[in-house]
Amino acid sequence: MPILCICIFAAHEYWLFYYLDLDPINSLIDSVSSTILLSLCIWGLYLVITSYPTKVGIVLYALIIATFFAILAGYVDGLVLRYISGRNDDEYIKWLDDTMPLRYLANWVICGWIGTAVAINKRTQEVKQKFQLQSDAAVLLKEAELYKLRQQLQPHFLYNSLNSISALTMIEPGKAQDMISKLSEFLRTSVKRESQDKIPLSDELLYIESYLAIESVRFGDRLRVRFEHEDNVQAIMPPFLLQPILENAIKFGLYGVTGEVTICVQIKMIDDMLRVIINNPFDAAAQMPRGTGFGLEGIRRRLYLLYARTDLLETTIENERYTTTLKIPQ
Amino acid sequence: MYKAILIDDEPLARQLVKALLKEYTQITVVAECGDGFEGYKAIQEHQPDLIFLDVQMPKVNGFEMLELVETPPSVIFTTAFDEYAVKAFEAHAIDYLLKPVGKERFDKAINKWLQQMAAKQVTPIEPLMQSNVYEGYQHRIVVKDNGMIRIVPAQDIQYLEANDDYVKIVTDAGSYLKKSTLSHIEDSLDPQQFVRVHRSYLIPVSQLMRIEPYEKESHIALLKCGAKVLVSKSGMARLKKVLGW
């Protein structure tokens with residue numbers, strides 16, 4: 000602001016003194032008066048524009064205000080100069096009148112330019128602030144959603160497992176103990192992993208194994224799970240993605256078909272993309288038990304939040320088998 | 000001596016009930032079943048006094064199975080889901096046991112039943128007309144066919160006709176009779192797909208081919224399968240609403 004004033008002052012002085020050959024005293028008075036008035040106007044302009052409450056048409060508003068201040072500055076400048084320098088000098092007054100349009104124009108250009116700049120600056124800052132808020136909200140939402148989705152582990156699984164344990168305590172206490180430790184391991188991993196973003200595939204597979212161990216105790220001979228994976232698949236993946244898919248596969252399989260059910264899990268690495276393919280028998284006519292479907296929807300949502308892609312989870316039905324393919328970019 | 004049947008898809012859950020029943024020497028477990036089909040067959044075969052029934056089971060759920068039994072025995076539900084309790088009690092279930100089943104709670108249920116049996120005050124379980132234990136509408140109807148359970152997918156239905164105490168379900172593979180009312184079936188199916196066009200007829204909109212005027216104020220609907228179905232005045236209004244005419 001002060002630099003701007005000095006610049007205006009210098010330009011004005013240069014113009015009057017060298018260009019128009021005005022005498023030093025009059026040119027100095029003229030410059031000081033014009034610069035002070037213009038500076039006051041710019042200050043006022045700044046205050047009015049920044050406190051402008053609404054967000055629409057701020058540039059137009061700034062221009063109108065600028066025009067008003069330019070006219071005000073020019074008019075007051077004229078009055079002041081007429082009073083100070085032109086008291087006994089008709090020639091000066093004539094010259095002053097001749098230069099008035101130019102003064103108005105110069106004032107208007109400067110005020111308009113500064114006003115617009117202030118307005119645009121203000122707008123930019125508002126947009127920036129809004130953007131910041133929105134991205135903060137998005138981060139929060141993402142965290143909340145991830146948390147909620149991880150909570151989708153159905154309590155029915157727990158109740159049914161406890162019921163099985165209860166049965167085992169009466170029939171085979173040794174096995175009951177075994178099942179309790181498997182269940183504890185499963186629950187411990189579930190809780191521990193809450194805060195981790197990415198885990199090695201081998202960890203997720205261990206988790207899945209403890210889950211499957213419990214399910215196979217519950218369903219006995221009816222449930223078989225076959226793992227097919229290439230040796231040494233080194234990969235990382237977000238935790239808790241496989242368990243809901245398997246849970247779904249088990250439900251679809253066990254509730255859709257009577258007798259023995261085989262679920263296949265294939266793990267492959269193709270072009271830096273981890274692929275997990277889970278396949279289970281399926282009967283379209285059977286009514287699906289509660290809760291199915293949400294598991295997959297939740298995974299789709301999580302994958303979208305993590306990778307911003309919607310093509311990472313695919314399901315197909317072919318020859319009465321339901322196949323879920325999960326892809327994890329490495 | 001009372002006969003009991005255990006119907007649950009988890010073998011350990013059945014074993015738990017069996018173990019808890021051991022001290023009640025007056026109750027014998029005559030059969031154990033892993034799904035609704037087996038359960039239905041076993042009930043027909045053994046005519047038990049009491050069944051322990053899980054709700055979520057392969058193919059047909061517990062409520063659907065119960066619907067098909069002509070004279071159902073006393074029922075004690077055992078399930079991990081508490082959502083169906085109200086429905087179960089509405090149907091006069093003896094009790095509704097939540098898994099994991101505790102001994103104390105189990106004994107209470109059995110003693111309640113034994114007392115009712117001794118006093119001959121057992122209220123027979125009412126067949127649940129609407130087996131809609133899942134949210135939303137049913138996409139199938141479970142029927143009996145020569146002593147077997149058959150699942151009729153909603154899309155295979157050509158039309159449904161009221162027939163005294165029964166509903167005749169007509170499909171391309173033949174027709175089945177189910178002991179129920181047309182209103183109950185109407186309530187369980189998606190109203191956007193099935194329209195009650197007449198007091199005695201419920202038709203899937205997808206089967207509709209042509210509607211012709213018939214006598215005064217009523218119409219006749221020609222279905223894709225070739226059947227002609229009466230459409231009443233109010234039935235026509237419902238049809239127009241669904242089809243958006």
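Protein sequence lines correspond, in order, to chains A and B.
The letter at position 109 of the first sequence is residue 108 when you use numbering that gives the first Met the number 0, and the numbering goes up by one with no holes.
The letter at position 176 of the second sequence is residue 175 when you use numbering that gives the first Met the number 0, and the numbering goes up by one with no holes.
Just so it is clear, CB atoms sit at the ideal spot from N, CA and C, and this is done for glycine as well.
Q: Along the alpha helix (DSSP H) that carries M0(B), what are the first and last residues, could you check?
A: No alpha helix (DSSP H) holds M0(B); DSSP gives it neither H nor E.
Q) Hey, how far is the Cα of R289(A) from the Cα of R122(A)? A) Note on R289(A): pLDDT 49, under 50, position unreliable in the model; the coordinate value appears next. Going by the C-alpha atoms only, they are around 51 Å apart.
Q. Checking contacts by CB at 7 Å: is Y254(A) closer than that to chain B?
A. A Cβ of chain B is located within less than 7 Å of the beta carbon of Y254(A).
Q: Find out if the Cβ-Cβ distance for the pair I64(A), V47(A) is shorter than 7 Å.
A: With contacts defined by Cβ atoms closer than 7 Å, I64(A) and V47(A) form a contacting pair.
**Q.** Cross-chain neighbours of A166(A) in chain B, by beta carbon under 8 Å
**A.** Chain-ordered, the chain B residues with CB closer than 8 Å to the CB of A166(A) read L11, A12, Q14, L15 and A18.
Q: Kindly identify the DSSP beta-bridge partner or partners of P368(A).
A: Outside the displayed span of chain A (0 to 329) sits residue 368(A), for which this structure offers no information.
Q) What are the boundary residues of the beta strand (DSSP E) that includes T322(A)? A) Taken as a continuous stretch (DSSP letters only), the beta strand (DSSP E) holding T322(A) covers R320 to P328.
Q: Just mark M208(B) as buried or exposed, buried being the case when its beta carbon has 16 or more other beta carbons within 10 Å.
A: Under a 10 Å Cβ-count criterion, M208(B) is classified as exposed, with fewer than 16 other Cβ atoms of the shown protein chains found around its own Cβ.
Q: Kindly indicate which residue of I298(A), A307(A) and V256(A) has the alpha-carbon position closest to the one of M56(B).
A: In this structure, V256(A) is the residue among I298(A), A307(A) and V256(A) with its C-alpha nearest to the C-alpha of M56(B).
Q.
Which residue wins for smallest C-alpha separation from D144(B), given the options K40(B), I4(B) and G101(B)?
A. Considering only K40(B), I4(B) and G101(B), the residue with the shortest C-alpha distance to D144(B) is K40(B).
Q | Where the beta strand (DSSP E) containing T49(A) begins and where it ends | A | Annotation for T49(A): no beta strand (DSSP E) segment contains it, though the alpha helix (DSSP H) segment containing it runs P23 to T49.
Q: Compute the distance between the beta-carbons of L44(A) and F8(A), then report whether it is under 7 Å.
A: F8(A) is positioned such that its CB atom lies no closer than 7 Å to that of L44(A).
Q) Relative to chain A, which residues along the segment 74–104 of chain B have a C-beta separation below 7 Å, given in chain order? A) Of all residues in the segment 74–104 of chain B, A79, F80, K98, P99 and V100 have a Cβ within less than 7 Å of some Cβ in chain A.
Q: With 7 Å as the threshold, decide whether the Cβ of Y330(A) is near any Cβ in chain B.
A: The structure shown does not extend to residue 330(A), since chain A is modelled only from 0 to 329, so the question has no answer here.
Q.
Along the chain, where does the beta strand (DSSP E) containing R209(B) start, and where does it finish?
A. For R209(B), the uninterrupted beta strand (DSSP E) run begins and ends at L207 to Y213, by DSSP.
Q: Express the C-alpha separation of L113(B) and Q120(B) in angstroms, rounding to a whole number.
A: Taking the straight line joining both Cα atoms gives about 10 Å.
Q: Taking all protein chains shown into account, decide if D163(B) is buried (16 or more other Cβ within 10 angstroms of its Cβ) or exposed.
A: Exposed: under 16 other Cβ atoms inside 10 Å.
Q.
In whole angstroms, give me the CA-to-CA distance for R225(A) and R274(A).
A. Distance between the alpha carbons of R225(A) and R274(A): 16 Å.
Q. Which value, in whole angstroms, describes the spacing of the CA atoms of G219(A) and P10(B)?
A. Spanning the alpha carbons of G219(A) and P10(B) requires a straight line of approximately 7 Å.
Q | Close-in-space but distant-in-sequence residues of the same chain around C40(A) (CB under 8 Å, 5 per side omitted) | A | Residues F68, A69, L71, A72, N106 and C110 of the same chain have their beta carbon placed closer than 8 Å to that of C40(A), with the five preceding and five following residues left out of the count.
Q: State the Cα-Cα distance for the pair P280(A) and T324(A), rounded to the nearest angstrom.
A: If you take the alpha carbons of P280(A) and T324(A), they lie about 15 Å apart.
Q. By how many angstroms is the C-alpha of R81(A) removed from the C-alpha of K93(A)?
A. One alpha carbon belongs to K93(A), the other to R81(A), and they sit about 10 Å apart.
**Q.** Continuous beta strand (DSSP E) stretch holding Y158(B): start and end
**A.** Note, Y158(B): beta strand (DSSP E), I156 to N162.
Q | Per-residue DSSP class, three states only, for I298(A) | A | Judged by DSSP in its simplified three-state form, I298(A) adopts helix.
Q: Report buried or exposed for F130(A), applying the criterion of at least 16 other Cβ atoms within 10 angstroms of its Cβ.
A: Under this definition F130(A) is an exposed residue.
Q. Would you say D34(B) faces chain A, with C-beta separation under 7 Å as the test?
A. Answer yes: the Cβ-Cβ gap between D34(B) and chain A drops below 7 Å somewhere.
**Q.** Integer Cβ distance of Y182(A) from S165(A), believed to fall under 8 Å
**A.** The sequence shown places Leu at residue 182(A), not Tyr. L182(A) to S165(A), Cβ: 12 Å. No contact.
Q. For the segment 201–226 of chain A, which residues have a CB atom closer than 9 Å to at least one CB atom of chain B, in sequence order?
A. For the segment 201–226 of chain A, which is checked against every Cβ of chain B, the residues closer than 9 Å are V216, R217, F218, G219, D220 and R221.
Q.
Among E125(A), D310(A) and D96(A), whose alpha-carbon lies nearest the alpha-carbon of S50(A)?
A. Residue E125(A) is the option with its Cα nearest to S50(A).
(Q) Which complete beta strand (DSSP E) runs does the segment 6–86 of chain B hold, if anything under 3 residues is left out? (A) Fully contained in the segment 6–86 of chain B are the following beta strand (DSSP E) runs of length 3 or more, in chain order: 26–32, 49–52 and 73–78.
Q: Evaluate contact between the segment 25–39 of chain B and the segment 308–320 of chain A, counting only Cβ atoms and requiring at least three cross-stretch pairs below 8 Å.
A: Touching, no, given that fewer than three Cβ pairs across the two stretches are closer than 8 Å.
Q | Residue from A108(B), D186(B) and R139(B) with nearest C-alpha to N60(B) | A | With distances taken between Cα atoms, N60(B) lies closest to R139(B).
Q) Taking just the CA atoms, how far does Q195(A) sit from Q129(B)? A) Only weak support is given to the placement of Q129(B): the predicted model assigns it a pLDDT of 49, under 50, and the value that follows is read from those uncertain coordinates. So the alpha carbons of these two residues sit roughly 46 Å apart.
Q. Residues in the segment 45–62 of chain B with C-beta within 8 Å of chain A's C-beta atoms, listed in sequence order?
A. Those residues of the segment 45–62 of chain B that come within reach of chain A (Cβ to Cβ, closer than 8 Å) are Q55, M56, P57, K58 and N60.
**Q.** Given Y158(A) as reference, the closest of K227(B), F51(B) and K98(B) once Cα atoms are compared
**A.** Sorting K227(B), F51(B) and K98(B) by C-alpha distance to the C-alpha of Y158(A) places K98(B) at the top.
**Q.** Residue range of the beta strand (DSSP E) that includes K227(B)
**A.** K227 to V230 is the extent of the beta strand (DSSP E) around K227(B).
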